[in-house]
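Visitor:
There are 2 protein chains.
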Amino acid sequence: MIKIIVDCFGGDHSPEANIDGAIAALRNFDDLYIILTGDEQTLKAALAEREYPAGRIEIVHASQVIDCNDRPTDAIRLKRDSSMMKAIMMLRDDDSIAGLVSAGSTGALVTGALVRVGRLAGVIRPAFCPVLPTMDGGVVGICDSGANVEVKPDMLRQFAVMGSIYMETVYGVKSPRVALLNVGVEAEKGDTLRQEAYKLLQETENLNFVGNMESRDLLSGKYDLVVCDGFSGNVLVKTTEGTALELLKKLKNSIFSRTIYKIGALFMKKMFADMKAFMDYQNYGGSVLIGTSKVVVKGHGSSKAKAIEKCIEQAYRMETGAIGPRIETELAKYSHYDV
Amino acid sequence: MIKIIVDCFGGDHSPEANIDGAIAALRNFDDLYIILTGDEQTLKAALAEREYPAGRIEIVHASQVIDCNDRPTDAIRLKRDSSMMKAIMMLRDDDSIAGLVSAGSTGALVTGALVRVGRLAGVIRPAFCPVLPTMDGGVVGICDSGANVEVKPDMLRQFAVMGSIYMETVYGVKSPRVALLNVGVEAEKGDTLRQEAYKLLQETENLNFVGNMESRDLLSGKYDLVVCDGFSGNVLVKTTEGTALELLKKLKNSIFSRTIYKIGALFMKKMFADMKAFMDYQNYGGSVLIGTSKVVVKGHGSSKAKAIEKCIEQAYRMETGAIGPRIETELAKYSHYDV
């Protein structure tokens, strides 16, 4: 059995979306077992209204909820009986639990995971690695997308190694094409950080480093993983999401502005629905935190059941793909000279 | 007369687009005078085929062309008779010339402008400030979008002051709402650079600093100017352009994939054309280099006549709006303690 713990009181649509996502995930994998944390009464009542594989789900009571107003450091100290912190502590203490999924406060989750769960051997800093859909129907990973706003060249190398293993393990990408986010494609482009990272990436074995990438090529399908500091990675991901959403909104407003456009749109109903689904991050799961000693997946705050289901699938695949040991083996090959 | 010099041998569609853009600009402003640099025979022949206000255009011969393979430092030393370098030297030496427009090599233009033309008094480093269209029909400036990949807090403050004056002078925005690009909106977000810049921006007089902005809100219309280091600014602009282009391409491919979609699209022809025009950077001119002692505008490499015309308009408005003296006056109020 692969045991995953799901924080049921984090995210805009919790606990319903989290519960529904968990049940859907249980149907996808016969050897999956799920622990739900949060208010027992609420969770029991919610389960009572649903059909689910009863032998593979359990509830662990937690009386508190961490919200976005809680400072991360306070949250982990003062809200020990919250659905998130209880899940984190169980993840740390119970060897039989493989991973954790939460759509709650990012800061509290990262701090809690780092302080309580800890890192894999050799990892300088864990990093977030969400994926975005590419135009050729695949996905591209972005590592780091915001866990570390200040980084060093050796950390970028680790992001590359960990992200590459992640794309292979969870998405089945063979020898992922890894690029360094930069302001131009030439080797000498960018600041000192990028220039030094470029050299390190070039000399890293078992890594298919294909050079620098300009951000306009993110969705082109030419790359499987983009390596960046958490600041520019955050800009990269949020700009892509923001631009896509704004354009979709503009398209919708334009259609509703004239009757003739509305008529035209009737012919294209399915096409617009497909476009919307393509751009909907709910279909692509969450941001995996790679490098912690156990699997941690952060769902988007607005995760619905589909997104939670995908997050659990990501955690499941990381565990069954033995991502932890693989990362430790690979990182042991390099000394981290600038830590 | 406002004299602007146009490098006619830079950009994918040069010299035709550059010449046509110059002629169009001359029709917009009666007190505009344009000098075209480049191969005299070619330019003369091109002008002979066109109608133009003959008394307000002149040709200055240049025998060489800088291409993207030329290293910037080599270009400014070795290609002194190129259309770009000749324009830069004339800009420096001729007091009657107000500004320069080029769609040639960015590196050569920046290096040439910095080394040969120099900076306004008090400017640490000039910065690029392109604009993008917002969803409410306005524009948002991004400063710096790539001239400086490594910056200090005080430079970010200067980008804010210069960019704010630019948005007011060229786009008529009263008291531009200035935001700092960051990974979250709270004051304490981001790295040391952002935290220190935030404080500086808060205490800057005559600046309408509205706080941090997450990149997903770039096109929302809530901000008039976004301040950032050149690395993340470059990511911000190129990701927006890249996402918009990829989605437009996907929309087009989807429409052509089924007959019924093609029929629907017939009803929406004008709408799609409007969407395309909205997203076409050709309509928004070039990246102005703010902070050089004379006006320098960099057109996109793929600039067509419309884009060149807009670039010339930008240069014209910067000059007639006396942007140089205004920037010098404003910057003189602050000491640059971390230069």
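Chains A and B supply the protein sequences, listed in that same order. Numbered according to the working numbering, the first sequence spans residues 70 to 408. Numbered according to the working numbering, the second sequence spans residues 70 to 408. All residues carry an ideal CB built from backbone N, CA and C; glycine is no exception. Computed from a predicted model, the values in this text were never measured in an experiment.
Give me the residue from A/Gly107, A/Arg226, A/Ile103 with the minimum Cα distance to A/Glu127.
Guide: Measuring from the Cα of A/Glu127, the nearest candidate turns out to be A/Ile103.
Visitor: If you measure beta-carbon to beta-carbon, which residues of the region 138-161 of chain B are closer than 8 Å to chain A?
Guide: none
Visitor: Verify whether the separation of the beta carbon atoms of B/Ser244 and A/Met340 is less than 9 Å.
Guide: Not a contact, by the Cβ cut-off of 9 Å.
Visitor: Taking the C-alpha atoms as reference points, what is the distance between B/Ser289 and A/Ala313?
Guide: 12 Å
Visitor: Is DSSP giving A/Glu127 helix, strand or coil here?
Guide: Strand, per DSSP.
Visitor: Since B/Val218 meets chain A, which of its residues come closer than 7 Å, beta carbon to beta carbon?
Guide: Val252, Gly259, Asp260
Visitor: For A/Leu270, return the contacting residues in chain B, with the cut-off set at a CB-CB distance below 8 Å.
Guide: Here the premise fails: no neighbours, minimum Cβ distance about 17 Å.
Visitor: Spatial neighbours of A/Val192 within its chain, please: C-beta separation below 6 Å, excluding the five flanking residues on both sides.
Guide: Gly360
Visitor: Could you give the distance in angstroms between the alpha-carbon of B/Val408 and the alpha-carbon of B/Phe325?
Guide: Legend: pLDDT at B/Val408 = 43, less than 50; position of this residue unreliable, value from coordinates given subsequently. Taking the straight line from one Cα to the other gives about 56 Å.
Visitor: Under 8 Å: do the region 375-391 of chain B and the region 371-384 of chain A share three or more Cβ pairs, one atom per stretch?
Guide: no
Visitor: Name the chain B residues whose beta carbon is nearer than 9 Å to that of A/Tyr350?
Guide: By Cβ distance, chain B contributes nothing, its closest Cβ being about 12 Å from A/Tyr350, past 9 Å.
Visitor: Ignore the nearest five residues each way along the sequence and tell me which others in A/Thr142's own chain have a CB closer than 7 Å to its CB.
Guide: Thr180
Visitor: For B/Ala182 and B/Ala256, what's the separation of their Cα atoms in angstroms?
Guide: 36 Å
Visitor: Please look up how many angstroms separate the CB atoms of A/Ser174 and A/Gly299, rounded, as I've assumed it's under 8 Å.
Guide: With a Cβ gap of about 17 Å, A/Ser174 and A/Gly299 do not count as contacting.
Visitor: For B/Asp407, decide whether its Cβ has a neighbour in chain A, counting only Cβ atoms nearer than 9 Å.
Guide: Confidence at B/Asp407 is low in this model, with a pLDDT of 43, below 50, so the placement of that residue should be treated as unreliable; the coordinate-derived value is given next. Judged by the 9 Å Cβ criterion, B/Asp407 is not in contact with chain A.
Visitor: Is the Cβ of A/Met409 closer than 9 Å to any Cβ of chain B?
Guide: Nothing can be reported for residue 409 of chain A: it is not among the residues displayed for chain A, which extend from 70 to 408.
Visitor: Is it buried or exposed for A/Lys268, if we count other Cβ within 10 angstroms and need 16 for buried?
Guide: exposed
Visitor: Bridge partners for B/Gly107 per DSSP, in chain order?
Guide: B/His130
Visitor: Please list, in chain order, the residues of the region 229-255 of chain A that have any C-beta partner in chain B closer than 8 Å.
Guide: Those would be Leu250, Val252, in chain order.
Visitor: Within 9 Å (strictly less), CB to CB, does B/Met224 reach chain A?
Guide: no
Visitor: Under the rule that 16 or more other beta-carbon atoms within 10 Å means buried, what is A/Gln110, buried or exposed?
Guide: Only exposed fits A/Gln110, as fewer than 16 other CB atoms lie within 10 angstroms of its CB.
Visitor: For A/Thr106, go through chain B and note every residue whose CB falls closer than 9 Å to its CB, in chain order.
Guide: Those do not exist, as A/Thr106 stays about 26 Å from chain B at its closest Cβ, beyond 9 Å.
Visitor: Kindly provide the ranges of any alpha helix (DSSP H) runs that are 4 or more residues long and lie completely inside the region 203-259 of chain A, ordered along the chain.
Guide: With a minimum length of 4 residues, the continuous alpha helix (DSSP H) runs that stay inside the region 203-259 of chain A are 222-240.
Visitor: Considering only the alpha carbon of each residue, which of A/Glu274, A/Val254, A/Gln264 lies closest to A/Leu287?
Guide: For the residues A/Glu274, A/Val254, A/Gln264, the minimum Cα distance to A/Leu287 belongs to A/Val254.
Visitor: Under the rule that 16 or more other beta-carbon atoms within 10 Å means buried, what is A/Gln271, buried or exposed?
Guide: exposed
Visitor: Quick check on A/Val204 - is its C-beta less than 9 Å from some C-beta in chain B?
Guide: What sits at residue 204 of chain A in the sequence shown is Met, not Val. Closer than 9 Å to some Cβ of chain B, the Cβ of A/Met204 qualifies, so yes.
Visitor: Identify the contact partners of A/Ile329 in chain B, using a Cβ-Cβ distance below 8 Å as the criterion.
Guide: Phe336, Met337
Visitor: Is it true that the region 145-156 of chain B meets the region 389-398 of chain A, where meeting means three or more beta-carbon pairs spaced less than 8 Å apart?
Guide: At 8 Å Cβ cutoff, the stretches do not touch.
Visitor: What residue range is occupied by the uninterrupted beta strand (DSSP E) comprising A/Lys319?
Guide: No beta strand (DSSP E) contains A/Lys319, which is instead part of the alpha helix (DSSP H) from 299-324.
Visitor: I'd like to know whether the C-beta atoms of B/Met70 and B/Leu105 end up nearer to each other than 9 Å.
Guide: no
Visitor: Using a threshold of 9 Å, state whether the C-beta atoms of B/Val184 and A/Val252 are closer than that.
Guide: no
Visitor: Give me the Cα-Cα distance between B/Cys198 and B/Ile211, rounded to the nearest whole angstrom.
Guide: 5 Å
Visitor: Quick one: using the 10 Å Cβ neighbour count with 16 as the cut-off for buried, is A/Lys72 buried or exposed?
Guide: buried
Visitor: Spell out whether any CB of chain A is found under 9 Å from the CB atom of B/Gly280.
Guide: no
Visitor: Quick one: list the residues of chain B neighbouring A/Asn97, beta-carbon separation under 9 Å, in chain order.
Guide: From the beta-carbon of A/Asn97, no residue of chain B is found nearer than 9 Å; the closest lies around 28 Å away.
Visitor: Going along the chain, which residues of its own chain have a beta-carbon closer than 7 Å to the beta-carbon of A/Ala86, five neighbours each way excluded?
Guide: Gly80, Ser372, Lys373, Ala374, Ile377
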